Amino acid sequence: MSVLLKVNLIIMKTSFNLSFIIIIAAMSILSIFGCSNSHNVYETIYKNEKIIVSSVEKKGSSTNTVTYSVQLGNRKKILFNYETLDLHDRPYSNYIFQKAFHYFFTDTPAYKNEIDFDRKVTPSMLYISPQKYSKEDFEAYADFLKNKWPEIITAINKDWIYFDQLIVGVVYGNREDFVQYFTGIYNGKPYYFDIHPDGEILFHEGTPSSNTGFENIGLANKVQMPGKRIVFLNTAIFTPEKLKAFKDKNGKSMADYFTIEIKSE
Numbered sequence: 002m003s004v005l006l007k008v009n010l011i012i013m014k015t016s017f018n019l020s021f022i023i024i025i026a027a028m029s030i031l032s033i034f035g036c037s038n039s040h041n042v043y044e045t046i047y048k049n050e051k052i053i054v055s056s057v058e059k060k061g062s063s064t065n066t067v068t069y070s071v072q073l074g075n076r077k078k079i080l081f082n083y084e085t086l087d088l089h090d091r092p093y094s095n096y097i098f099q100k101a102f103h104y105f106f107t108d109t110p111a112y113k114n115e116i117d118f119d120r121k122v123t124p125s126m127l128y129i130s131p132q133k134y135s136k137e138d139f140e141a142y143a144d145f146l147k148n149k150w151p152e153i154i155t156a157i158n159k160d161w162i163y164f165d166q167l168i169v170g171v172v173y174g175n176r177e178d179f180v181q182y183f184t185g186i187y188n189g190k191p192y193y194f195d196i197h198p199d200g201e202i203l204f205h206e207g208t209p210s211s212n213t214g215f216e217n218i219g220l221a222n223k224v225q226m227p228g229k230r231i232v233f234l235n236t237a238i239f240t241p242e243k244l245k246a247f248k249d250k251n252g253k254s255m256a257d258y259f260t261i262e263i264k265s266e
């Protein structure tokens, strides 16, 4: 066998082995990060329409995430995820949804003035996007969620809390539509506040589109109720006057929507 032929065989063998290793590595990565397992967890009938509740388990590097969905008849299924649910609590006020079609199903449990990380079940609104669902679909799902969903959740959570949100109402709108943004300058840089329907108040460097981390400036981390109050726990870093300099898209400050207070010693 010529030297040139031997060299070519070695190159081909090395290339094949390298390609095989790359394929195996890619399959391993997909098995860790990309695999998901979907199955129906509950089926029933409501007003002559079939109800299917499904779960999708997606494997991560250290933990798995489970996302639930529900489908009413032939309508588009609704996902229960970060886009359609509140993160920490029920909305701090019904006033938030005054310009949107919405229904509240229950007043309990009550809104909390602090984030409760130990809550086993979190009360939340369900946000149904007008861009994805017709008004007829919204009304059908609202009726179902009010009258049949609690029975389904009781059955699903009979032995363990699998579904850990309590749907207290529905709104015909995207959750993002009800987040209030206030932008301004702090230490010579652009910063902004966002106030979420569940009352959480965050302060970030950058602009709302930049999605940066948040900083603590001495405010209570949620809108305080009753009274729609934003409370300073201390004023060593930030003051009410500085807060008023931050404006929303209508040129209004938080003081136009909330009562600003300093916590008494």
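Under the working numbering, the first residue of the sequence shown carries the number 2, and numbering increases by one thereafter. Idealized CB from N, CA, C, for every residue including glycine. It should be emphasised that the depicted structure is a prediction, and the values quoted were computed from it without experimental measurement.
| Check | Outcome |
| --- | --- |
| Only counting the same chain, and skipping five residues up and downstream in sequence, which positions put a Cβ closer than 7 Å to that of K14? | Bear in mind that the predicted position of K14 carries a pLDDT of just 43, short of 50, making it too unreliable to give a figure here. |
| Note down, in chain order, each residue of its chain lying with its Cβ closer than 6 Å to the Cβ of N65, except the 5 sequence neighbours on either side. | E58 |
| Which residues in the same chain as K147 place their Cβ atom closer than 6 Å to its Cβ, once the five residues preceding and following it in sequence are excluded? | F106 |
| Quick check on this structure: which residue in S39, L73 and H40 has the alpha carbon closest to the alpha carbon of Y47? | L73 |
| According to DSSP, is M255 part of a helix, a strand, or is it coil? | helix |
| With a threshold of 6 Å on Cβ separation, who are the neighbours of F259 within its own chain once the five nearest residues in sequence on each side are excluded? | K229 and I231 |
| Smallest Cα separation from Y182: which of G200, N114 and V171? | G200 |
| Beta-carbon separation of P131 and Y173 under 9 Å? | yes |
| Between which residues of its own chain and D138 is the CB-CB distance below 6 Å, once the five residues before and five after are set aside? | R76 |
| What residue from A221, F179 and T236 has the CA that sits closest to I129's CA? | F179 |
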